[in-house]
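Here's the structure, in structure tokens; my notes come after.
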Amino acid sequence: MARRADGGAASKRSRPRGRETVAARRARTAEIVARLHAEYPDAKCSLDHRNAYELLAATILSAQCTDERVNLVTPALFERYPTPEDLAGARAEEVEDLIRSTGFFRNKTKSLLGMAAAVTERHAGVVPSTMDALVRLPGVGRKTANVVLGNAFHLSEGVVVDTHVKRLSGRLGLTRETDPEKIEPDLMKLVAREEWTDIAHLFIYHGRAVCRAPTPRCEVCVLNDICPSSRV
Numbered sequence: 011m012a013r014r015a016d017g018g019a020a021s022k023r024s025r026p027r028g029r030e031t032v033a034a035r036r037a038r039t040a041e042i043v044a045r046l047h048a049e050y051p052d053a054k055c056s057l058d059h060r061n062a063y064e065l066l067a068a069t070i071l072s073a074q075c076t077d078e079r080v081n082l083v084t085p086a087l088f089e090r091y092p093t094p095e096d097l098a099g100a101r102a103e104e105v106e107d108l109i110r111s112t113g114f115f116r117n118k119t120k121s122l123l124g125m126a127a128a129v130t131e132r133h134a135g136v137v138p139s140t141m142d143a144l145v146r147l148p149g150v151g152r153k154t155a156n157v158v159l160g161n162a163f164h165l166s167e168g169v170v171v172d173t174h175v176k177r178l179s180g181r182l183g184l185t186r187e188t189d190p191e192k193i194e195p196d197l198m199k200l201v202a203r204e205e206w207t208d209i210a211h212l213f214i215y216h217g218r219a220v221c222r223a224p225t226p227r228c229e230v231c232v233l234n235d236i237c238p239s240s241r242v
């Protein structure tokens, strides 16, 4: 039987068989969230930041890059450009040199400078706290906006769907979709709104530690008795 991090046994439930009702899927999802909270009580955004501007810039840099690498780069970036106004006035070549190791540095520099200029010109240097305003910023899509809203402003407007969330949502039978824009509303229907931010953190932690690609560690997974993809 799967064991919780605190040493207690996870309550045994039946894996979904055949067609699962929406109510049953919601109940199973709630159990998934509860178990993962117990397993990863300190799950949080892995990008180091002190404010919404730093988180927004770090999230732009995290595209196709590890959070660890981004966290190595951002201290120097934010020391040089501590505000959106400072970044808006930066020379592209200088920004490129600072973020080069994150990959795709020219495109990311363009996004960073465009974002900073827009925040400065449209919002008086203050990162906006609405989905509509955020996605209108250069280089900012719904995923990035969800990261900022959930973690900098503590607003539950959606679910961040990265590669880990996409993989676990499919394996756990919470969606049949493969497009992140379609996975997100499926999860929003199943998960309590107050958990929209946390479920991404939980899935990311579990995806890194246990439910890995391409080979999950089902034998040590606390969800293996309620996961339709479990190999145990």
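Those letters in the sequence shown? Residues 11 to 242, per my numbering, in order. Heads up, the beta-carbon is just placed ideally off N, CA and C, and yes, glycines get one too.
In the displayed model, Ser56 falls within coil according to three-state DSSP, outside both helix and strand. With at least 16 other beta carbons inside 10 angstroms of its own, His59 counts as buried. Under a 10 Å Cβ-count criterion, Ala34 is classified as exposed, with fewer than 16 other Cβ atoms of the shown protein chains found around its own Cβ. By the C-beta density criterion, Lys176 is buried, having at least 16 other C-beta atoms within 10 angstroms.
Excluding residues up to 5 positions away in sequence, Gly113 and Phe114 lie with their Cβ nearer than 8 Å to the Cβ of Gln74 in the same chain. Unbroken beta strand (DSSP E) runs of no fewer than 3 residues, entirely contained in the stretch 145-210, are not found. In the DSSP assignment, Ile42 falls within the alpha helix (DSSP H) that extends over Val32 to Glu49.
By the neighbour-count criterion, in which 16 or more other beta carbons inside 10 Å mark a residue as buried, Thr154 falls on the buried side. Three or more beta-carbon pairs separated by less than 8 Å link the stretch 198-213 to the stretch 34-44, which places the two stretches in contact. With contact defined as three or more Cβ pairs closer than 8 Å, the stretch 41-51 and the stretch 66-84 are not in contact. By the CB criterion at 8 Å, Val157 and Val170 fall inside the cutoff.
Under a 10 Å Cβ-count criterion, Thr119 is classified as buried, with 16 or more other Cβ atoms of the shown protein chains found around its own Cβ. Counting every other CB atom within 10 Å of its CB across the protein chains shown gives Thr225 a total below 16, marking it as exposed.
In the same chain as Ser166, and ignoring 5 residues on each side of it, the C-beta atoms closer than 7 Å to its own belong to Gly160, Arg203, Glu204, Trp206 and Thr207, in chain order.
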